[in-house]
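Right, one structure below, let's go through it.
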Amino acid sequence: MYGLWGFERLKLKMMVVMLLMLVLSLFEQNMSFSSPLNSEGLALLRFKQRVVSDPFSALSNWKEIDGEIDPCSWFGVECSDEKVVILNLKDLCLVGNLGPEFGKLENLKSIILRNNSFSGSIPQEIGELKELELLDLGFNNFSGPFPSDFGNNFSLTTLLLDNNEFLGNLAPEIYEVKMLSEFQVDENRLTDAATIPSCKTSGFPCIASISDCYSCHMMNE
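Residues -32 to -1, 1 to 189, numbered by mature numbering (1 follows the signal peptide of the UniProt record, and there is no 0), are exactly what the sequence shown covers, in order.
The structure is reproduced here in C-alpha coordinates:
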(Lines of atoms letter the chains of each structure in order from A and count residues from 1; the text may use other names and numbers.)
(Lines give C-alpha, C1' and ligand atoms only; values in the text may rest on other atoms or scores of the structure.)
Protein backbone atom coordinates (compact mmCIF):
# COMPACT_ATOMS: atom_id res chain seq x y z
CA MET A 1 0.00 0.00 0.00
CA TYR A 2 2.77 2.42 1.01
CA GLY A 3 4.82 1.44 -2.04
CA LEU A 4 1.89 2.17 -4.36
CA TRP A 5 1.31 5.55 -2.72
CA GLY A 6 5.00 6.41 -3.04
CA PHE A 7 4.93 5.47 -6.71
CA GLU A 8 1.90 7.71 -7.31
CA ARG A 9 3.63 10.60 -5.55
CA LEU A 10 6.68 10.11 -7.75
CA LYS A 11 4.50 10.14 -10.88
CA LEU A 12 2.80 13.32 -9.68
CA LYS A 13 6.14 15.03 -9.07
CA MET A 14 7.38 14.03 -12.53
CA MET A 15 4.20 15.40 -14.11
CA VAL A 16 4.62 18.69 -12.24
CA VAL A 17 8.24 18.96 -13.34
CA MET A 18 7.32 18.24 -16.97
CA LEU A 19 4.53 20.82 -16.83
CA LEU A 20 6.92 23.45 -15.45
CA MET A 21 9.44 22.65 -18.17
CA LEU A 22 6.72 23.06 -20.81
CA VAL A 23 5.62 26.42 -19.36
CA LEU A 24 9.23 27.65 -19.26
CA SER A 25 9.77 26.50 -22.83
CA LEU A 26 6.68 28.37 -24.05
CA PHE A 27 7.76 31.45 -22.09
CA GLU A 28 11.22 31.38 -23.65
CA GLN A 29 9.73 31.01 -27.13
CA ASN A 30 7.46 33.96 -26.51
CA MET A 31 10.37 36.04 -25.26
CA SER A 32 12.40 35.13 -28.32
CA PHE A 33 9.65 36.49 -30.57
CA SER A 34 8.94 39.63 -28.54
CA SER A 35 12.36 40.57 -27.22
CA PRO A 36 13.53 42.58 -30.28
CA LEU A 37 10.56 44.95 -30.08
CA ASN A 38 10.64 45.00 -26.28
CA SER A 39 14.33 45.86 -26.32
CA GLU A 40 13.81 48.62 -28.88
CA GLY A 41 10.70 49.84 -27.07
CA LEU A 42 12.59 50.09 -23.78
CA ALA A 43 15.38 52.00 -25.54
CA LEU A 44 12.84 54.46 -26.95
CA LEU A 45 11.23 54.88 -23.53
CA ARG A 46 14.64 55.74 -22.09
CA PHE A 47 15.02 58.30 -24.88
CA LYS A 48 11.61 59.73 -23.96
CA GLN A 49 12.78 60.17 -20.36
CA ARG A 50 15.49 62.48 -21.67
CA VAL A 51 12.90 64.74 -23.31
CA VAL A 52 12.18 67.46 -20.75
CA SER A 53 9.69 69.41 -22.87
CA ASP A 54 7.14 68.07 -25.37
CA PRO A 55 4.81 71.04 -26.05
CA PHE A 56 2.64 69.20 -28.59
CA SER A 57 2.43 65.94 -26.54
CA ALA A 58 3.88 64.12 -29.52
CA LEU A 59 5.20 61.30 -27.33
CA SER A 60 2.03 60.88 -25.30
CA ASN A 61 1.32 57.40 -26.71
CA TRP A 62 4.86 56.20 -26.03
CA LYS A 63 3.99 53.96 -23.10
CA GLU A 64 3.48 50.42 -21.92
CA ILE A 65 -0.12 49.21 -22.23
CA ASP A 66 -1.32 46.17 -20.26
CA GLY A 67 2.26 45.04 -19.86
CA GLU A 68 2.90 45.22 -23.60
CA ILE A 69 5.44 47.47 -25.30
CA ASP A 70 4.65 48.04 -28.98
CA PRO A 71 6.83 50.85 -30.36
CA CYS A 72 5.52 50.19 -33.88
CA SER A 73 2.25 51.86 -32.85
CA TRP A 74 3.93 54.95 -31.44
CA PHE A 75 3.95 58.38 -33.07
CA GLY A 76 7.03 58.98 -35.20
CA VAL A 77 8.13 55.34 -35.18
CA GLU A 78 8.01 53.08 -38.24
CA CYS A 79 8.77 49.37 -38.30
CA SER A 80 9.60 46.71 -40.87
CA ASP A 81 9.48 42.99 -40.07
CA GLU A 82 8.72 43.96 -36.45
CA LYS A 83 11.92 45.99 -36.16
CA VAL A 84 12.15 49.74 -35.59
CA VAL A 85 13.67 51.23 -38.76
CA ILE A 86 12.61 54.90 -38.76
CA LEU A 87 12.44 57.52 -36.02
CA ASN A 88 10.94 60.74 -37.38
CA LEU A 89 10.30 63.47 -34.79
CA LYS A 90 10.96 66.61 -36.81
CA ASP A 91 9.37 70.04 -36.18
CA LEU A 92 8.07 69.22 -32.68
CA CYS A 93 9.94 71.72 -30.47
CA LEU A 94 11.19 68.85 -28.30
CA VAL A 95 13.76 69.81 -25.67
CA GLY A 96 16.21 67.29 -24.25
CA ASN A 97 19.33 65.33 -25.06
CA LEU A 98 20.33 62.00 -26.59
CA GLY A 99 21.86 59.05 -24.77
CA PRO A 100 23.54 55.68 -25.34
CA GLU A 101 20.17 53.90 -25.62
CA PHE A 102 20.30 54.59 -29.37
CA GLY A 103 22.82 51.76 -29.58
CA LYS A 104 19.96 49.34 -28.85
CA LEU A 105 18.14 50.51 -31.99
CA GLU A 106 20.49 48.62 -34.25
CA ASN A 107 17.99 48.30 -37.12
CA LEU A 108 17.43 52.04 -37.54
CA LYS A 109 17.78 53.29 -41.11
CA SER A 110 16.59 56.86 -40.53
CA ILE A 111 16.85 59.23 -37.57
CA ILE A 112 15.11 62.54 -38.24
CA LEU A 113 15.16 64.98 -35.31
CA ARG A 114 15.31 68.15 -37.38
CA ASN A 115 14.00 71.43 -36.01
CA ASN A 116 13.81 70.71 -32.29
CA SER A 117 15.91 71.90 -29.38
CA PHE A 118 18.03 68.88 -28.51
CA SER A 119 21.35 69.81 -26.94
CA GLY A 120 24.51 68.22 -25.63
CA SER A 121 26.77 65.90 -27.57
CA ILE A 122 25.74 63.25 -30.08
CA PRO A 123 26.21 59.77 -28.54
CA GLN A 124 28.98 57.60 -29.92
CA GLU A 125 26.43 54.80 -30.20
CA ILE A 126 24.64 56.57 -33.09
CA GLY A 127 27.85 56.41 -35.09
CA GLU A 128 27.90 52.65 -34.56
CA LEU A 129 24.49 52.02 -36.17
CA LYS A 130 25.57 50.07 -39.25
CA GLU A 131 22.14 50.14 -40.93
CA LEU A 132 21.78 53.92 -40.66
CA GLU A 133 21.24 55.61 -44.03
CA LEU A 134 19.83 59.01 -43.04
CA LEU A 135 20.73 61.17 -40.04
CA ASP A 136 19.08 64.59 -39.92
CA LEU A 137 19.93 66.61 -36.80
CA GLY A 138 19.67 70.04 -38.40
CA PHE A 139 18.31 73.05 -36.48
CA ASN A 140 19.08 71.87 -32.95
CA ASN A 141 21.59 72.90 -30.29
CA PHE A 142 24.01 69.98 -30.42
CA SER A 143 27.59 70.75 -29.41
CA GLY A 144 30.79 69.01 -28.46
CA PRO A 145 32.74 66.42 -30.46
CA PHE A 146 30.98 64.61 -33.27
CA PRO A 147 31.34 60.78 -33.24
CA SER A 148 34.24 59.85 -35.50
CA ASP A 149 32.73 56.40 -36.17
CA PHE A 150 30.54 57.94 -38.86
CA GLY A 151 33.60 57.85 -41.08
CA ASN A 152 33.35 54.05 -41.05
CA ASN A 153 29.61 53.87 -41.71
CA PHE A 154 29.23 52.75 -45.32
CA SER A 155 25.42 52.71 -45.21
CA LEU A 156 25.08 56.42 -44.52
CA THR A 157 23.88 58.38 -47.55
CA THR A 158 22.54 61.58 -45.97
CA LEU A 159 24.01 63.50 -43.05
CA LEU A 160 22.41 66.85 -42.15
CA LEU A 161 23.97 68.82 -39.30
CA ASP A 162 23.16 72.38 -40.33
CA ASN A 163 22.46 75.05 -37.71
CA ASN A 164 24.02 73.43 -34.67
CA GLU A 165 26.86 74.54 -32.43
CA PHE A 166 29.67 72.06 -33.14
CA LEU A 167 30.95 73.48 -36.42
CA GLY A 168 34.51 73.82 -35.14
CA ASN A 169 34.47 70.42 -33.44
CA LEU A 170 33.69 68.13 -36.36
CA ALA A 171 36.29 65.41 -36.62
CA PRO A 172 38.35 65.30 -39.86
CA GLU A 173 36.91 61.85 -40.55
CA ILE A 174 33.50 63.39 -41.12
CA TYR A 175 34.76 65.64 -43.92
CA GLU A 176 36.43 62.62 -45.51
CA VAL A 177 33.22 60.59 -45.81
CA LYS A 178 33.12 60.32 -49.58
CA MET A 179 30.11 58.01 -49.91
CA LEU A 180 27.64 60.63 -48.67
CA SER A 181 25.22 61.86 -51.30
CA GLU A 182 24.29 64.86 -49.16
CA PHE A 183 26.27 66.50 -46.38
CA GLN A 184 25.33 69.81 -44.80
CA VAL A 185 26.85 71.63 -41.87
CA ASP A 186 26.23 75.11 -40.50
CA GLU A 187 28.41 76.90 -43.01
CA ASN A 188 26.04 75.84 -45.81
CA ARG A 189 22.90 77.20 -44.17
CA LEU A 190 23.80 79.96 -41.72
CA THR A 191 22.95 82.68 -44.21
CA ASP A 192 19.38 81.35 -44.42
CA ALA A 193 18.78 81.04 -40.67
CA ALA A 194 17.73 84.67 -40.18
CA THR A 195 14.94 84.38 -42.76
CA ILE A 196 13.29 81.32 -41.16
CA PRO A 197 10.52 82.07 -38.59
CA SER A 198 11.57 80.93 -35.13
CA CYS A 199 9.53 79.67 -32.20
CA LYS A 200 12.23 80.98 -29.88
CA THR A 201 10.49 84.35 -29.81
CA SER A 202 7.40 82.75 -28.27
CA GLY A 203 9.18 80.67 -25.69
CA PHE A 204 9.91 77.43 -27.51
CA PRO A 205 13.53 77.07 -28.61
CA CYS A 206 13.11 75.66 -32.10
CA ILE A 207 12.84 76.93 -35.65
CA ALA A 208 9.59 76.08 -37.41
CA SER A 209 7.09 77.08 -40.06
CA ILE A 210 4.87 80.12 -39.64
CA SER A 211 1.87 77.92 -38.76
CA ASP A 212 3.91 76.02 -36.16
CA CYS A 213 5.10 79.28 -34.64
CA TYR A 214 1.50 80.41 -34.38
CA SER A 215 0.68 77.15 -32.58
CA CYS A 216 3.71 77.64 -30.30
CA HIS A 217 2.52 81.16 -29.53
CA MET A 218 -1.03 80.05 -28.73
CA MET A 219 0.22 77.27 -26.43
CA ASN A 220 2.57 79.69 -24.70
CA GLU A 221 -0.11 82.28 -23.98
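Yeah, the Cβ is synthetic: ideal placement off N, Cα and C, and Gly gets one too. A quick note: this is a predicted structure, and the numbers were derived from the prediction, not measured.
Measuring CB to CB, does residue i end up less than 7 Å from residue j?
i, j, result
"Leu73", "Glu8", "yes"
"Asn101", "Phe70", "According to the sequence as given, residue 101 is Glu; it is not Asn. Not in contact: Glu101 and Phe70 (Cβ atoms no closer than 7 Å)."
"Asn29", "Asp59", "no"
"Pro39", "Leu10", "no"
"Asn65", "Gly88", "yes"
In its own chain, which residues sit with a C-beta less than 8 Å from the C-beta of residue i, not counting the 5 before and 5 after it?
i, result
"Met(-15)", "none"
"Met(-19)", "none"
"residue 273", "Look at the range of the chain in this structure, -32 to 189, and you will see that residue 273 is not part of it."
Please report how far the alpha carbon of residue i lies from the alpha carbon of residue j, in whole angstroms.
i, j, result
"Leu148", "Phe107", "The pLDDT assigned to Leu148 is 46, lower than 50, so where the model puts this residue is not dependable, and the model offers no usable value."
"Thr126", "Glu50", "24 Å"
"Leu(-21)", "Arg14", "46 Å"
"Ile90", "Asp117", "12 Å"
"Leu57", "Asn109", "15 Å"
"Asn121", "Glu96", "7 Å"
"Lys16", "Leu124", "25 Å"
"Asp34", "Leu76", "26 Å"
"Lys31", "Ser48", "20 Å"
"Lys98", "Ser41", "24 Å"
Between which two residues does the beta strand (DSSP E) containing residue i stretch?
i, result
"Gly67", "Neither: Gly67 is in no beta strand (DSSP E) and is coded neither H nor E."
"Gly88", "85 to 88"
"Asn46", "Checking the sequence shown, residue 46 turns out to be Glu, not Asn. Its beta strand (DSSP E) spans residues 45 to 48."
"Lys51", "51 to 56"
"Thr125", "Counting along the chain, Thr125 falls outside any beta strand (DSSP E), and DSSP gives it neither H nor E."
"Leu103", "102 to 104"
"Ser78", "78 to 80"
"Ser21", "19 to 21"
Less than 6 Å between C-beta atoms, sequence neighbours within five positions excluded: which residues of the same chain meet that for residue i?
i, result
"Ile54", "Glu46, Ser78"
"Asn6", "Ile37"
"Val63", "Val20, Ser21, Ser85"
Between which two residues does the alpha helix (DSSP H) carrying residue i extend?
i, result
"Ile33", "Looking at the DSSP string, Ile33 is not in any alpha helix (DSSP H), and its letter there is neither H nor E."
"Ile94", "92 to 95"
Rounded to whole angstroms, how far is the Cβ of residue i from the Cβ of residue j, which I believe are closer than 8 Å?
i, j, result
"Val19", "Leu27", "6 Å"
"Cys61", "Phe114", "At roughly 24 Å, the Cβ-Cβ gap does not stay under 8 Å, so Cys61 and Phe114 are not in contact."
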